[in-house]
Amino acid sequence: MTDKTILHGLFLRHYNEMLHLAGTLLYDDMEAEDTVQDVFLRLGQSDILPAQDKMRAYLLTAVRHECINRIRQMSFADQFRKLYPIEFSDDWQLDEQRMQTLDAIRDYAETHLTEPHLSIFRLRFEQDLKLKDIADRLDMNIKTVFKYLSQSIACIQKQFRV
Amino acid sequence: MKTSEENIKRLLEMLDNPSAYSEQEISDIINRDDETREAYRLMVAAKQGYRRKNTSEEADVEAAWQRLSNRLDVRADKPSSSGILYKIAASFIVVLMLSGIALAAYHTISSRKTAEEIADSLAIANEKLIRISKDGEFFLVTWTRGTWVVNAFGDSFREDALVRHSPSLRPNGVKIKIDGTEHDIHELLDKPASIAKKVELDMSTRTINLVTKPVQIPADVKGNINPDLTILLTGTVPKGAYQPVTIWKSKGIKESYDWHDYIYTSWTGQWENIRIHLKEAVNRKDHHVRINVCKGTPQKHIDRIKSIMKECDVTNYEIVQQ
Chain X
1 MTDKTILHGL
11 FLRHYNEMLH
21 LAGTLLYDDM
31 EAEDTVQDVF
41 LRLGQSDILP
51 AQDKMRAYLL
61 TAVRHECINR
71 IRQMSFADQF
81 RKLYPIEFSD
91 DWQLDEQRMQ
101 TLDAIRDYAE
111 THLTEPHLSI
121 FRLRFEQDLK
131 LKDIADRLDM
141 NIKTVFKYLS
151 QSIACIQKQF
161 RV
Chain Z
1001 MKTSEENIKR
1011 LLEMLDNPSA
1021 YSEQEISDII
1031 NRDDETREAY
1041 RLMVAAKQGY
1051 RRKNTSEEAD
1061 VEAAWQRLSN
1071 RLDVRADKPS
1081 SSGILYKIAA
1091 SFIVVLMLSG
1101 IALAAYHTIS
1111 SRKTAEEIAD
1121 SLAIANEKLI
1131 RISKDGEFFL
1141 VTWTRGTWVV
1151 NAFGDSFRED
1161 ALVRHSPSLR
1171 PNGVKIKIDG
1181 TEHDIHELLD
1191 KPASIAKKVE
1201 LDMSTRTINL
1211 VTKPVQIPAD
1221 VKGNINPDLT
1231 ILLTGTVPKG
1241 AYQPVTIWKS
1251 KGIKESYDWH
1261 DYIYTSWTGQ
1271 WENIRIHLKE
1281 AVNRKDHHVR
1291 INVCKGTPQK
1301 HIDRIKSIMK
1311 ECDVTNYEIV
1321 QQ
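Those protein sequence lines, which keep their order, are chains X and Z. Here my numbering is used: the first residue of the first sequence is 1, the next is one more, and so on. Here my numbering is used: the first residue of the second sequence is 1001, the next is one more, and so on.
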């Protein structure tokens, strides 16, 4: 068992970053907290800690894999409905690089999409609304919402390969 | 361009009404071509990108630590250490022997064996089926050696650990069923862990069904005991791995994080150092570790695993070239 004082120190140092990663991957604050806590629980039960210089990498990798595990435990339909990745390639190792790509895609959308494309894009991917709800909120025909959002995705797709 | 937008529209339509499509239809659309696959990935990245921006980077760490501390306590409180119980049981026997009670026939080995058996029985008897943290936010489900465990990954085996705990669960997030009937966990606090004869874990529906009636473990499952003790050295990254691993547990139950140290137990969702399993194994009288070595595995990997065996005092192991 890892000493609770040591665990507390690690928790204070790494919790925020781990929670942020889990929140990004799971889209759910409560699930994210559970995930990070599970990683620490296992660390608490372990007799052997990773070396100090590998600790951050170990903890972040453990969080990422715990997230992948949670996603994999869902049915395929649920993974798709919640817009989770349905494949996990080796790209997932390059977390920091991937995080930069996520930021770049979001920033590109924010700076290059014009209205009403940007509002629709935000409502779909930031607010997680269904297209019908977006159409209601913006008082638009749903076919128009489909058209604008498809155009936005195709436009960003030309700039990024993810 | 038009085709691309049409595929995206189809994807969007499916995302809005996934229940109208079969899994095969969804998979067919996503994998129709590279462009559609890319479009799906981009939508995932867009959602993750916004989540990344909106997920707070400054949570209340001390409050979170308190919640974790409660969860740590629920595990630490329980009297499950067979080591301690072994010592209690062993002392008990010593006292009996000193008292001259009819134990004269016991020789050292058999008395030690009996102490172990008593310790095991005590450890099992002390385990409750359900344990709740002080703040009531988390609970554990516990089962014991010999229980038939089936999970959603298709793994089916006889539990070999003396006592096994589930990951911590939230009461409002998981359904607990006893013989198919859902129960409030508070109704089950007095039940011993040993009532579970079969554990059916389905985390996709977040349901754990505990079968308490006697079960007949199929012959082909009985052989699946001790799944921790077969290690596969792959030498290269196995197909489908999402990490570069070269230690791979048979049947896909375990995957390693780092070829020489960490393994991942998908059915428990636990990250562990491989040494933990080996040290557990070496405590068992009948321990035996099998290391399957795939063709092409570099000698340095074999040497490395041998050094870990030595470090963990595992003497009874075999290396099998595949």
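The beta-carbon is built from N, C-alpha and C at its ideal position, and this holds for glycine as well.
Going by DSSP, residue 1027 of chain Z is part of the alpha helix (DSSP H) stretching over 1023-1030. Any Cβ of chain Z closer than 8 Å to the Cβ of residue 137 of chain X would place that residue at the interface, and such an atom is absent. One thing to note: residue 146 of chain X has its Cβ within 8 Å of the Cβ of residue 131 of chain X. Within chain X, the residues 83, 84, 85, 86 and 162 have their CB atoms less than 9 Å from the CB of residue 1044 of chain Z, given in chain order.
In the structure shown, residue 1200 of chain Z adopts extended strand secondary structure according to DSSP, grouped into three states. In this structure the stretch 1195-1205 of chain Z touches the stretch 65-80 of chain X; the number of beta carbon pairs closer than 8 Å is three or more.
The Cβ-Cβ distance between residue 66 of chain X and residue 38 of chain X falls below 8 Å. Around residue 153 of chain X, the same chain offers no residue with a beta carbon nearer than 6 Å, after the five sequence neighbours per side are excluded. Nearest Cα to residue 1133 of chain Z within the set Z/1185, Z/1026 and Z/1157: Z/1185. Residue 1216 of chain Z does not reach chain X, its nearest Cβ partner there being about 28 Å away, counting only Cβ pairs nearer than 8 Å. In this structure, residue 1195 of chain Z lies away from residue 1148 of chain Z, with their beta-carbon atoms at least 8 Å apart.
Remark: fewer than three beta-carbon pairs, one from each stretch, lie closer than 8 Å, so the stretch 1039-1051 of chain Z and the stretch 4-16 of chain X are not flagged as touching. A distance of 8 Å or more separates the beta carbons of residue 59 of chain X and residue 1049 of chain Z. Bounds of the beta strand (DSSP E) holding residue 1318 of chain Z are 1317-1321. Residue contact with chain Z for residue 140 of chain X: absent (no Cβ-Cβ distance below 8 Å to any residue of chain Z). For residue 101 of chain X, the nearest beta carbon of chain Z is closer than 8 Å to its own beta carbon. Rounded to whole angstroms, the separation of the alpha carbons of residue 134 of chain X and residue 124 of chain X is 7 Å. Among the CB atoms of chain X, one or more fall inside 8 Å of the CB of residue 1168 of chain Z. Assigned with DSSP and collapsed to three states, residue 1208 of chain Z falls in strand. Residue 1215 of chain Z counts as exposed, since fewer than 16 other beta carbons sit within 10 angstroms of its beta carbon.
In the structure shown, residue 160 of chain X adopts coil according to DSSP, grouped into three states. Against residue 8 of chain X, the close residues of chain Z are 1065, in the order they occur along the chain (beta-carbon pairs closer than 7 Å).
When Cβ pairs closer than 8 Å are counted between the two stretches, the stretch 1050-1065 of chain Z is seen not to touch the stretch 1007-1014 of chain Z, the count staying below three. Listed along the chain, the chain Z residues whose CB falls inside 9 Å of the CB of residue 119 of chain X amount to none; the nearest CB is some 13 Å away.
Contact between residue 109 of chain X and residue 156 of chain X holds: their C-beta atoms lie close to 6 Å from each other, under 8 Å. Residue range 1139-1144 is occupied by the beta strand (DSSP E) that includes residue 1144 of chain Z.
In the DSSP annotation of this structure, the continuous segment of the beta strand (DSSP E) that includes residue 1181 of chain Z starts and ends at 1181-1183. What residue 106 of chain X touches in chain Z, judged by beta-carbon distance under 8 Å, is 1046, 1049, 1050, 1052 and 1053, going in chain order. Every beta strand (DSSP E) of 3 residues or more that sits fully in the stretch 1287-1311 of chain Z is shown, in chain order, as 1289-1293. A distance below 8 Å separates the beta carbons of residue 1314 of chain Z and residue 1282 of chain Z. Inside the stretch 111-155 of chain X, DSSP marks whole alpha helix (DSSP H) runs of 4 or more residues at positions 117-125 and 131-138, from first to last along the chain.
DSSP, read as helix, strand or coil, puts residue 10 of chain X in helix. Of the residues assessed, residue 1165 of chain Z falls on the buried side of the cut-off, its CB having 16 or more other CB atoms within 10 angstroms.
Straight-line measurement puts the Cα of residue 1123 of chain Z at about 44 Å from the Cα of residue 83 of chain X. One Cα belongs to residue 1067 of chain Z, the other to residue 30 of chain X, and the distance between them is close to 12 Å. By alpha-carbon distance to residue 78 of chain X, the top candidate from Z/1188, Z/1136 and Z/1015 is Z/1015.
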